[in-house]
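In the working numbering, the protein residues as written are 232 to 388. Where a beta carbon is used, it is the ideal one built from N, C-alpha and C, also for glycine. Since the structure comes first, as structure tokens, the remarks are kept for the end.
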């Protein structure tokens, strides 16, 4: 099982969360909540108002999200869903645990107790330069105050 940190439309209550609980796509088990140890810019960009974590460490905010334990099938689905490696790239990042529900082996419990876990995160280094000038957020909500409504894939032209 791999650990994945999600910060956008795949979180609970967000438009694509349905994929995280669809066992036909693989297994994903909610483990807890956290935020990136390093700061990153989280922007909402493009004509579909998609959240992107720009891979510019040290800039922006500590990004809030959810930690999941996923099997290989779900990891492969997420790679495809996230357009990896063209749209997003899956990289390991350090995540500060804020709330932990996970029930894993002793090593996992110890890591969570220390407060920092390594998780796969889908961020991007392949973005238009003007995205750096967009507003930065510390968390994403598709119906947030930003007023930028996310467009589901099935509704895109």
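For residue 305, the secondary structure class from DSSP, reduced to helix, strand or coil, is helix. Assignment of residue 295 by DSSP, reduced to helix, strand and coil, places it in the strand class. Residue 269 is a Cβ neighbour of residue 289, given a cutoff of 8 Å. If only uninterrupted alpha helix (DSSP H) runs of at least 4 residues are considered, those enclosed by the segment 245–271 are 248–251. Taking the CA atoms as reference points, residue 260 sits about 24 Å from residue 273.
Under the DSSP assignment, residue 382 falls outside any beta strand (DSSP E); it carries neither an H nor an E label.
Straight-line measurement puts the Cα of residue 282 at about 4 Å from the Cα of residue 275. Membership of residue 323 in the beta strand (DSSP E) is indicated by the continuous run 320–331. The Cβ atoms of residue 318 and residue 267 do not sit closer than 8 Å to each other. In the pairwise beta carbon analysis, the segment 244–260 is classified as not touching the segment 345–362: fewer than three pairs are separated by under 8 Å.
Under the DSSP definition of a beta bridge, residue 232 lacks any partner. Taking every protein chain shown into account, the CB of residue 309 has 16 or more other CB atoms within 10 angstroms, so this residue is buried. For residue 314, the closest alpha carbon among the candidates 329, 372, 353 is that of 353.
Under the DSSP definition of a beta bridge, residue 348 partners with 326.
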